[in-house]
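Numbering (the numbering used here), first residue to last: 6 to 391.
For glycine and all other residues, C-beta sits at the position ideal for the given N, C-alpha and C.
Worksheet for the structure shown next.
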Ligand SMILES: [Fe+2]
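The structure is reproduced here in structure tokens:
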């Protein structure tokens, strides 16, 4: 048995812990940039909680960058990085969904090194620049899905190039993750489902791909079990703090699992979708692709797909994983086709080309190695849906 594990992130998990940010952050300095979205953290007052905590603990300057949107762009990272340099910011707080956390982490890299955000993203041939410095980042997720608070990834879109790529580097880990389930309670039903499905797909893809890491797999297994149980409860009872807590916990576990074992073709095929259609969220795109890709993949790792089916409450047979994915999406109101989501049929060729050009690094670890034709057919299936 061989495995490697490295996770340089301090995790503080607990009800009310978002109020600790100032106390935690003062070890990094007193000049802070808070990176967040336009609306939700203001409406649910999480931003206010964070600002109060920072002020209470002696922060001298607190700037807010609040232009992050779903599918964040390299431009947002560049803009916020400029603020960090101009105002000599000591540390960055990422507050919000995965988008805000991903931007905060990338700002840490871009503000501390030369060049721009797009210089650091992973094309198949590697990034143009390698960072050698960063700034401390504290991540406070207000959704339960992305797991970005505990891993090294920032997923960014370039709207001119219509590309979505991942910045992945050991300097891109946050220093601290403050996970406070109370911050997720105000998510509406749709957002709860979208982000919960992202977490489930992290767990499914990291469990089943060809990389081997027993510890990451244990985390994925636990995440699947908990999401199956608690996502439906969180949808029915949004104020149920036990369900919210287990969803935050599962998202964290799955976030660590993908840090070690990566994702696979569902994610590889989703990124071009939300790159070309920025109004489609990551979780919706995954939901639109999950059934078709699982049907393609399950023969490549019969043991793990059987295990997945079993964890989801089905007979432990590999093909039952397809049914498990399908039924669960239905149950949480996420059984969608790419057509439903607004993808145009004539775009399928371009999406296929982009997967090949930008995500072919994932092909060899996918349970079944796909050809370009396979990907085209999978998009067609996911477009037609059911
Ligand atoms: Fe994801």
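Taking the straight line between their C-alpha atoms, what separation do you get for residue 92 and residue 13?
Taking the straight line joining both Cα atoms gives about 27 Å.
May I have the straight-line CA-CA distance separating residue 21 from residue 257, to the nearest angstrom?
Rounded to whole angstroms, residue 21 to residue 257 spans 17 Å at the Cα level.
Beta-carbon within less than 6 Å of residue 139's beta-carbon, same chain only, minus the 5 sequence neighbours each way: which residues are those?
Same-chain partners within the cutoff: 113, 114, 117 and 176.
CA-CA distance, residue 15 and residue 315?
Spanning the two alpha carbons is a distance of roughly 33 Å.
Express the C-alpha separation of residue 373 and residue 302 in angstroms, rounding to a whole number.
Approximately 5 Å between the Cα atoms of the pair.
Residue 99 and residue 108 closer than 8 Å at C-beta:
Yes, these two residues count as a Cβ contact at 8 Å.
Assign residue 320 to buried or exposed, taking buried as 16 or more other Cβ atoms, counted over all protein chains shown, within 10 Å of its Cβ.
Looking at its Cβ environment, which holds fewer than 16 other Cβ atoms inside 10 Å, residue 320 is exposed.
Hey, how far is the Cα of residue 395 from the Cα of residue 194?
Because the chain spans 6 through 391 in this model, residue 395 falls outside it and cannot be assessed.
Since residue 96 is in the beta strand (DSSP E), which residue starts that stretch and which ends it?
In the DSSP annotation of this structure, the continuous segment of the beta strand (DSSP E) that includes residue 96 starts and ends at 96-101.
Taking only the alpha-carbon atoms, compute the straight-line gap between residue 187 and residue 236 and give it to the nearest angstrom.
About 16 Å.
Can you grab the Cα-Cα spacing for the pair residue 343 / residue 167, in whole Å?
If you draw a straight line from the Cα of residue 343 to the Cα of residue 167, it is about 18 Å long.
Does residue 313 pass the burial test, meaning 16 or more other C-beta atoms within 10 Å, or should it be called exposed?
With 16 or more other Cβ atoms within 10 Å, it is buried.
Residues bridged to residue 17 (per DSSP)
Answer is 183.
Closer than 7 Å: residue 206 CB and nearest ligand 1 heavy atom:
True, at least one ligand heavy atom lies under 7 Å from that Cβ.
Cβ of residue 274 within 8 Å of Cβ of residue 201?
Residue 274 places its beta carbon 8 Å or farther from that of residue 201.
Measuring only from the beta carbon, is residue 107 closer than 7 Å to any heavy atom that is part of ligand 1?
Every heavy atom of ligand 1 is 7 Å or more from the Cβ of residue 107, so no.
Where DSSP assigns a beta bridge to residue 163, which residues make up the other side?
Per DSSP, the beta-bridge partners of residue 163 are 168.
Around the Cβ of residue 317, are there at least 16 other Cβ atoms within 10 angstroms (buried) or fewer (exposed)?
Residue environment for residue 317: buried (at least 16 other C-beta atoms within 10 angstroms of its C-beta).
For residue 128, the three-state DSSP class (helix, strand or coil):
Residue state, collapsed to three classes: strand.
Compute every distance between the C-beta of residue 272 and the non-hydrogen atoms of ligand 1, then say whether any falls below 7 Å.
At a cut-off of 7 Å, the beta-carbon of residue 272 counts as near ligand 1: some heavy atom of the ligand is closer than that.
Would you check whether ligand 1 has a heavy atom nearer than 7 Å to the C-beta of residue 203?
For ligand 1, at least one heavy atom lies less than 7 Å from the Cβ of residue 203.
Suppose the cutoff is 6 Å on Cβ atoms and the five residues either side in sequence are ignored; what does the same chain contact list for residue 290 look like?
Once the five neighbours on either side are set aside, the close Cβ partners of residue 290 are 275, 278 and 279.
Since residue 216 and residue 148 should fall inside the 8 Å C-beta cutoff, what is the C-beta to C-beta distance between them, to a whole number of angstroms?
Not really, about 26 Å apart at Cβ, beyond 8 Å.
Quick one: give me the first and last residue of the beta strand (DSSP E) that residue 135 is part of.
Where residue 135 is concerned, there is no enclosing beta strand (DSSP E), given that its DSSP letter is neither H nor E.
Three-way DSSP call (helix, strand, coil) for residue 178 in this model:
Residue state, collapsed to three classes: coil.
Note the first and the last residue of the continuous beta strand (DSSP E) segment covering residue 5.
Within the shown structure, residues of the chain are numbered from 6 to 391, placing residue 5 beyond reach of any answer.
With 16 as the cutoff for other CB atoms within 10 Å, does residue 339 come out buried or exposed?
Residue 339 is buried by the Cβ-count criterion.
Identify whether residue 158 lies in helix, strand or coil by the three-state DSSP scheme.
If DSSP states are grouped into helix, strand and coil, residue 158 belongs with the strands.
Should residue 183 go down as buried or exposed, given a rule of 16 or more other Cβ atoms within 10 Å for buried?
The residue is buried, with at least 16 neighbouring Cβ atoms inside 10 Å.
Does residue 111 pass the burial test, meaning 16 or more other C-beta atoms within 10 Å, or should it be called exposed?
The residue in question, residue 111, is buried, as its Cβ has 16 or more Cβ neighbours within 10 Å.
Mind checking whether the beta-carbon of residue 2 lies closer than 7 Å to any heavy atom of ligand 1?
Shown here, the chain extends from 6 to 391; a query on residue 2 therefore has no answer.
Within 8 Å, do at least three Cβ pairs link the segment 74-90 to the segment 153-169?
In short, these stretches touch, since the Cβ pair count reaches three.
Does the pairing of the segment 373-390 with the segment 349-362 give three or more beta-carbon distances under 8 Å?
Yes: at least three Cβ pairs fall under 8 Å.
Under the rule that 16 or more other beta-carbon atoms within 10 Å means buried, what is residue 249, buried or exposed?
Counting Cβ neighbours within 10 Å, residue 249 comes out buried, since at least 16 surround it.
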